[in-house]
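For the sequence shown, our numbering assigns the number 1078 to the initial residue and increments by one for each residue that follows. Virtual Cβ for every residue (Gly too), placed ideally from N, Cα, C. Working notes, structure below.
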Amino acid sequence: MRRRTAAQVVATALVWPVASLADAPPSYDERPEVRAFADEVATRRGWSAGWVLAQLREARLMPAAQRLMMPLPDGRKRNWDAYRERFVEPIRIAAGSAFWRANEAALARAEARFGVPPAIVVGIVGVETFYGRRMGSFRVLDALATLAFDFPAGRSDRSAYFREELEEFLILARRERLAPASVMGSFAGAIGLPQFMPGSINRHAVDFDEDVRIDLMESAADAIGSVARFLAEHGWQRGMPAIYAVQPPADEAARSRLLAPDIVPSFRAAEMLAAGAQLDEAGRRHDGPLALVMVENGDDAPPSHFAGSANFFSLTRYNRSSYYALAVIHLGQAVQARR
């Protein structure tokens, strides 16, 4: 999903039609499909269906979630330099340095346990929430209910995914003794410093400060350990670089063949060299598959290329975007260099 600037969010809000009160849908707990959902969840989890409905009664349709779920309409080429500048900026680098300094012990412990370097964890938290400054101002219950039962037409329907996440959110709320209507997050329902979806919290989050609860909103240690564990469980390999410098083949057919798998590592270094790619020295020594990845630089500059390893691919499991993963790497490197 493409990330939006604050200006784009505001502009979209201004042009979106606002329904009248007379057009407002019934409360979620009154809708047959929601009542069926409550019965299914209650049966699966051994809960009272009345409790599930009582939580959903608090949910409100959130038009902003519907708007922001839609793709950007401009159709322009993406621009890696512009994307990078949004995240690798002096104020964020300074905040990242302070975050690293304040959490140095937790970062070192996460690297020892999960093999993920501090720069990568710091890069993710910085890109996701500016080190906790921007964790989202939407009620997670509203966001998930809206996308579960009123997913916007005009793009591929993901309502089934959001119904799963709504159920995961209720699991999380019961376990951590949270009032579901009180939890704030992103327009898509992501929560806390690392912006985990509820299902990711339930599957991958860890009580890294050992206070017998998982708190990704307030505990930097829990966020650090959870990010590192998520990456480790999605294939991160200790000591492996995420990217290498590369020049793509001059031959168009060979270049297209290497680009076809996109971010999925599919070619050994020897295969890329045989196809005409020029890897740097470290890339030529890489033991494992690589991907030739391309990022666009707008209409006025040629695209950039790099070789991504299995560790780069694991970063895209966090957010399925090569631009995102590359920004994480660059921000983490910039913070490390400042230190």
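For residue 1340, no alpha helix (DSSP H) encloses it, and the DSSP letter there is neither H nor E. For the 8 Å CB-CB criterion, residue 1352 and residue 1367 do not form a contact. It is roughly 8 Å from the alpha-carbon of residue 1339 to the alpha-carbon of residue 1371.
Secondary structure in the segment 1235–1290: the alpha helix (DSSP H) runs of 4 residues or longer, each lying completely within the stretch, are 1236–1253, 1275–1281 in chain order. Residue pairing by DSSP places residue 1369 opposite 1384 in a beta bridge. Taking a contact as a CB-CB distance under 8 Å, the pair residue 1266 and residue 1212 does not count as one, their CB atoms being some 12 Å apart.
Residue 1193: not part of any beta strand (DSSP E); DSSP gives it neither H nor E. Residue 1279 has its alpha-carbon roughly 35 Å from the corresponding atom of residue 1156. A direct Cα-to-Cα measurement between residue 1234 and residue 1299 gives close to 33 Å.
Boundaries of the alpha helix (DSSP H) around residue 1401: 1399–1415. In the DSSP assignment, residue 1108 forms no beta bridge with any residue.
Distance from the Cα of residue 1381 is smallest, within the candidate group 1171, 1332, 1144, for 1332.
Pairing residue 1177 with residue 1199 gives a Cβ-Cβ distance under 8 Å. Note on geometry: alpha-carbon atoms of residue 1342 and residue 1384 lie some 9 Å from one another. By alpha-carbon distance to residue 1133, the top candidate from 1192, 1114, 1140, 1409 is 1114.
Among the bridge pairs identified by DSSP, residue 1143 is matched with none. About 6 Å separates the beta carbon of residue 1406 from that of residue 1320, a gap short enough to meet the 8 Å contact definition.
Comparing alpha carbon positions, the residue from 1396, 1307, 1355 closest to residue 1327 is 1355. Residue 1323 sits in a strand when the DSSP states are folded into three classes. Here residue 1218 is not bridged, per DSSP, to any residue. Beyond the five residues adjoining it in sequence on each side, residue 1117 comes within less than 6 Å, by CB distance, of no other residue in the same chain. For residue 1189, the closest C-alpha among the options 1357, 1318, 1314, 1349 is that of 1314. By the neighbour-count criterion, in which 16 or more other beta carbons inside 10 Å mark a residue as buried, residue 1324 falls on the exposed side. Going by DSSP, residue 1174 is part of the alpha helix (DSSP H) stretching over 1167–1179. Under the 8 Å Cβ criterion, the segment 1213–1222 counts as touching the segment 1131–1146, having at least three qualifying pairs.
Secondary structure note for residue 1157: its alpha helix (DSSP H) is the uninterrupted segment 1157–1164. Spatial neighbours of residue 1281 in its own chain (CB-CB distance under 8 Å, excluding positions within 5 residues in sequence) are listed in chain order as 1273, 1303, 1306, 1307, 1310. The bridge partners DSSP lists for residue 1374 are 1156.
Sixteen is the threshold: since fewer than 16 other Cβ atoms of the shown chains lie within 10 Å of the Cβ of residue 1147, the residue is exposed.
DSSP places residue 1347 inside the alpha helix (DSSP H), whose first and last residues are 1346–1351.
Membership of residue 1299 in the alpha helix (DSSP H) is indicated by the continuous run 1297–1310.
Residue 1316 and residue 1289 have their alpha carbons spaced roughly 31 Å apart.
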